[in-house]
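Novice: As you go down the protein sequences, you meet chains A and B in turn. Each residue of the first sequence is one higher than the last, beginning at 18 in my numbering. Each residue of the second sequence is one higher than the last, beginning at 18 in my numbering. Even glycine gets a Cβ: it sits at the ideal position worked out from N, Cα and C. Keep in mind it's a predicted model, so treat the numbers as computed, not measured.
Protein chains: 2
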Amino acid sequence: MSTPDPTTRDRILETARRLFHEQGFHATGISTILREADVHSGSLYHFFPSKDALLIGVLELYIQLLRPAVMDHAEQAATDPIERVFALLNLYRSGLEHLDFKMGCPIGNLALEVADDQPEARRLIDQNFRNWAAVVRSWLDEASDRFSPEADREQIALFVLTVMEGAMMQARAARSLVPFDASVTQLRAYFDALSFAARTNAHAHTPPASHTPEI
Amino acid sequence: MSTPDPTTRDRILETARRLFHEQGFHATGISTILREADVHSGSLYHFFPSKDALLIGVLELYIQLLRPAVMDHAEQAATDPIERVFALLNLYRSGLEHLDFKMGCPIGNLALEVADDQPEARRLIDQNFRNWAAVVRSWLDEASDRFSPEADREQIALFVLTVMEGAMMQARAARSLVPFDASVTQLRAYFDALSFAARTNAHAHTPPASHTPEI
């Protein structure tokens with residue numbers, strides 16, 4: 018018997034990636050992957066000795082796809098670095114509309130479905146998140162003149178990812194863009210407030226003692 | 018044969034609730050629920066004719082648990098309405114620590130795992146989210162004097178839920194409180210900016226035209 022063709026591996030991986038996104042990891046049967054990738058089980062197990070190994074391959078694929086499939090589109094949609102943040106969020110909004118609120122963020126789904134029991138998958142999910150936030154951080158750094166020196170751009174980048182994931186989740190449950198748009202509008206208001214604070218040197222983060230909450 | 022005892026139903030439901038949270042919906046087998054609830058399949062199917070029916074029962078149970086298991090604790094932890102928002106987020110933070118970053122928000126998990134294919138479950142997940150946000154909204158309304166008239170407290174309540182869910186997700190993947198704390202710190206900064214804007218009547222949300230981003 019000959020070794021399976023390298024393109025077979027790509028086909029298995031792409032099929033598994035799509036099915037995990039469409040159906041979830043646990044709900045996707047190996048038999049469905051075999052059928053939809055049009056491969057025999059020997060080919061699959063040649064490349065991926067287990068379903069968990071396939072998951073690792075899919076998560077590594079997502080790391081490779083971050084730039085071409087996500088971030089490059091945001092950078093093409095806007096030149097201003099802050100607007101790139103909102104162009105990125107708008108890509109996910111378009112995805113919700115295009116897919117009728119199904120599927121959502123593939124990494125977010127896997128984060129909640131498989132992270133607890135599979136340390137290597139969890140590490141790669143975290144790596145996907147870190148890489149995503151690092152690109153956002155690079156945009157924020159380009160716009161550093163629009164933030165006060167005390168604004169923590171690393172935290173803000175993590176916050177943007179938090180808002181994207183939480184907003185996607187609510188929009189999917191509601192089958193509505195209302196919670197997504199509400200969240201992005203509030204994030205925009207926060208960015209405006211940060212920018213305002215940078216311009217006016219107002220101490221927006223330090224409420225006067227008379228207004229300190231009572232507890 | 019006698020009708021199964023009503024407390025059997027509660028035991029099945031509580032066991033399913035715990036297992037769905039610990040393992041996920043698809044990864045939990047009916048046989049595990051039967052074993053851990055110590056019931057026979059006849060009893061289970063008497064109350065819940067399918068695993069999907071059990072999921073509906075669990076989601077209805079979470080609606081009942083929102084006040085006693087979550088919101089009452091936040092209200093006991095703080096008297097100031099804005100501080101109740103952050104006490105609520107701190108409850109989830111404590112849960113991450115206590116459970117070693119496993120399990121996360123049970124509703125958020127189900128939102129991403131099952132919402133697409135199960136309309137009734139999706140509706141109940143959304144109802145759980147709406148009820149959660151409605152309590153936060155009621156706290157924001159109590160503190161209405163600390164928001165500008167143009168601040169949209171309904172949107173802000175949805176934003177708080179977005180931040181909680183996104184922050185929990187990142188923390189679980191990272192097995193670290195860093196992204197959770199970063200997100201809550203940024204949300205706090207936003208609340209402070211909203212409060213500052215209300216006090217100073219500054220037009221924090223409307224950057225001058227000269228600083229409008231270039232695209």
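To the nearest angstrom, report how far apart A/T45 and B/A44 are at their CA atoms.
Specialist: The alpha-carbon separation between A/T45 and B/A44 amounts to approximately 11 Å.
Novice: Return the residues of the region 139-168 of chain B that lie within a Cβ-Cβ distance of less than 7 Å from chain A, sorted by chain order.
Specialist: R139, I142, D143 and F146
Novice: Anything in chain A within Cβ reach of B/I173, meaning under 7 Å, just list it in chain order.
Specialist: Residues of chain A with a Cβ closer than 7 Å to the Cβ of B/I173 are, in chain order, Q203.
Novice: Is A/D133 buried or exposed, if buried means 16 or more other CB atoms sit within 10 Å of its CB?
Specialist: buried
Novice: Counting only the same chain and skipping the five closest in sequence on each side, list residues whose C-beta sits under 7 Å from that of A/R110.
Specialist: L194 and F197
Novice: Which residues, in order along the region 50-82 of chain B, keep a beta-carbon less than 7 Å from a beta-carbon of chain A?
Specialist: none
Novice: Does the distance from the C-beta atom of B/A174 to that of B/R205 stay below 8 Å?
Specialist: Not a contact, by the Cβ cut-off of 8 Å.
Novice: Between which two residues does the alpha helix (DSSP H) holding A/V153 run?
Specialist: P136 to E159
Novice: Look at the alpha carbon of A/T32 and the alpha carbon of B/E39, and state the distance between them as a whole number of angstroms.
Specialist: Taking the CA atoms as reference points, A/T32 sits about 28 Å from B/E39.
Novice: Please report whether the beta-carbon of A/D112 lies at a distance below 8 Å from any beta-carbon of chain B.
Specialist: In the sequence on display, residue 112 of chain A carries Gly and not Asp. Not one chain B Cβ lies under 8 Å of A/G112.
Novice: Would you give the residue range spanned by the alpha helix (DSSP H) that A/T96 belongs to?
Specialist: No alpha helix (DSSP H) holds A/T96; DSSP gives it neither H nor E.
Novice: Mind checking which residues open and close the alpha helix (DSSP H) that includes A/G183?
Specialist: R170 to A191
Novice: For B/P166, which three-state DSSP category applies?
Specialist: DSSP, reduced to helix, strand and coil, places B/P166 outside both helices and strands of the structure shown, so it counts as coil.
Novice: Near B/P98, which residues of its chain fall below 6 Å by C-beta distance, leaving aside the five closest residues on each side in sequence?
Specialist: So the qualifying residues of the chain are W156, E159 and A160.
Novice: Taking only beta-carbon atoms, is A/A86 less than 8 Å away from chain B?
Specialist: Output row for A/A86: interface = no.
Novice: Rounded to a whole number of angstroms, what is the C-alpha to C-alpha distance between A/W149 and A/R170?
Specialist: Rounded to whole angstroms, the gap between the alpha carbons of A/W149 and A/R170 is 14 Å.
Novice: Using the three-state DSSP reduction, which class does A/T25 fall into: helix, strand or coil?
Specialist: helix
Novice: Check the Cβ of B/G125 against every Cβ in chain A and list those closer than 8 Å, keeping chain order.
Specialist: L129 and M186
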